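Participant: One structure follows; several queries about it will come next.
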Amino acid sequence: MAAVDGDGRLVYSRRVANDETALLTVMAEVSTHGRPVCWAVDVTTGLSALLLTLLWRRQVQVRYVSGTVAFHMAAAFAGENKTDARDAVVIAQTIRMRPDIPILEPSDRLLAELTVLTSYRADLVGQRVATLFRLQELLTGISPALERASTSTAKPR
Numbered sequence: 206m207a208a209v210d211g212d213g214r215l216v217y218s219r220r221v222a223n224d225e226t227a228l229l230t231v232m233a234e235v236s237t238h239g240r241p242v243c244w245a246v247d248v249t250t251g252l253s254a255l256l257l258t259l260l261w262r263r264q265v266q267v268r269y270v271s272g273t274v275a276f277h278m279a280a281a282f283a284g285e286n287k288t289d290a291r292d293a294v295v296i297a298q299t300i301r302m303r304p305d306i307p308i309l310e311p312s313d314r315l316l317a318e319l320t321v322l323t324s325y326r327a328d329l330v331g332q333r334v335a336t337l338f339r340l341q342e343l344l345t346g347i348s349p350a351l352e353r354a355s356t357s358t359a360k361p362r
């Protein structure tokens with residue numbers, strides 16, 4: 206994620222996991238700068254579904270920078286080859302310079318689907334953690350030495 210000020214200076218740049226807690230943290234950090242914030246994405250499918258859901262739930266306006274626009278705008282900025290960090294800066298600069306970039310509007314149906322999907326994802330994450338703890342408990346019951354050896358070399362993520 207990247208943010209630029211009105212003069213185009215980079216004021217925020219950070220790699221962010223596609224995780225609800227991480228995204229909410231970044232949203233809070235960015236909003237504490239006391240400046241108006243314009244959110245933009247270059248992908249409207251899968252990868253950005255969680256971010257879009259979180260923003261739309263808060264009734265935040267999101268703009269869509271198409272891949273074609275981002276590609277052409279990237280040529281205007283010197284720098285390293287294509288990377289996620291560079292793409293984020295290009296998108297931020299594009300939004301700053303191009304007020305005509307369209308607003309991405311969720312339909313009620315889409316918002317409902319995204320809400321269900323993100324809730325389902327949260328449930329799966331919770332189930333995964335519970336399963337790992339159950340497996341660890343079973344392993345401890347069967348062979349405490351094996352459990353100690355496994356937890357010293359591989360921590361569950």
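The numbering of the sequence shown is the numbering used here, which starts it at 206 and goes up by one.
Built from N, CA and C at the ideal position, the CB exists for glycine as well.
Only a predicted model underlies this, so the values are computations on that prediction, with no experimental measurement involved.
Name the residue from T356, T345, S236 whose alpha carbon lies nearest to the alpha carbon of R263.
Facilitator: On the sequence shown, residue 263 is found 58 positions in, with the first residue counted as 1. Here the closest residue by C-alpha is S236.
Participant: Please specify which runs of the alpha helix (DSSP H), each continuous and at least 4 residues long, are wholly inside the region 278-359, giving them in chain order.
Facilitator: Fully enclosed alpha helix (DSSP H) runs of 4 or longer: 289-302, 313-347, 349-358.
Participant: Since L215 is in the alpha helix (DSSP H), which residue starts that stretch and which ends it?
Facilitator: Here residue 215 refers to the residue found at position 10 when the sequence shown is read from its first residue. Run containing L215: none in the alpha helix (DSSP H); it sits in the beta strand (DSSP E), 215-218.
Participant: Do V270 and I306 have their beta-carbon atoms positioned less than 9 Å apart in this structure?
Facilitator: Along the sequence shown, one-based indexing puts residue 306 at 101. Along the sequence shown, one-based indexing puts residue 270 at 65. The answer is yes: Cβ separation under 9 Å.
Participant: Pairs of beta-carbons, one from the region 321-334 and one from the region 240-256, closer than 8 Å: are there three or more?
Facilitator: Segments in contact, yes.
Participant: For R219 versus V231, is the C-beta distance shorter than 9 Å?
Facilitator: The count along the sequence shown starts at 1 and reaches residue 219 at position 14. The count along the sequence shown starts at 1 and reaches residue 231 at position 26. A contact, by the Cβ cut-off of 9 Å.
Participant: Quick one: what does DSSP say A222 is sitting in, helix, strand or coil?
Facilitator: Here residue 222 refers to the residue found at position 17 of the sequence shown. Looking at A222 - three-state DSSP - the assignment turns out to be coil, as it is neither helix nor strand.
Participant: W244 bridges to which residues according to DSSP?
Facilitator: For the purposes of this step, residue 244 is identified with residue 39 of the sequence shown, where counting begins at 1. BP columns for W244 point to V267.
Participant: Closer than 7 Å by C-beta to G213: which residues in its own chain qualify, once you throw out the five before and the five after it? Chain order, please.
Facilitator: Residue mapping note: residue 213 aligns to position 8 of the sequence shown, counting from 1. Cβ within range, chain order: Q298, R301.
Participant: If I'm right that V267 touches A245 with Cβ under 8 Å, what's the distance once you round it to whole angstroms?
Facilitator: Along the sequence shown, read from residue 1 onward, the residue named residue 267 stands at position 62. Along the sequence shown, read from residue 1 onward, the residue named residue 245 stands at position 40. So it is a contact: roughly 7 Å between Cβ atoms.
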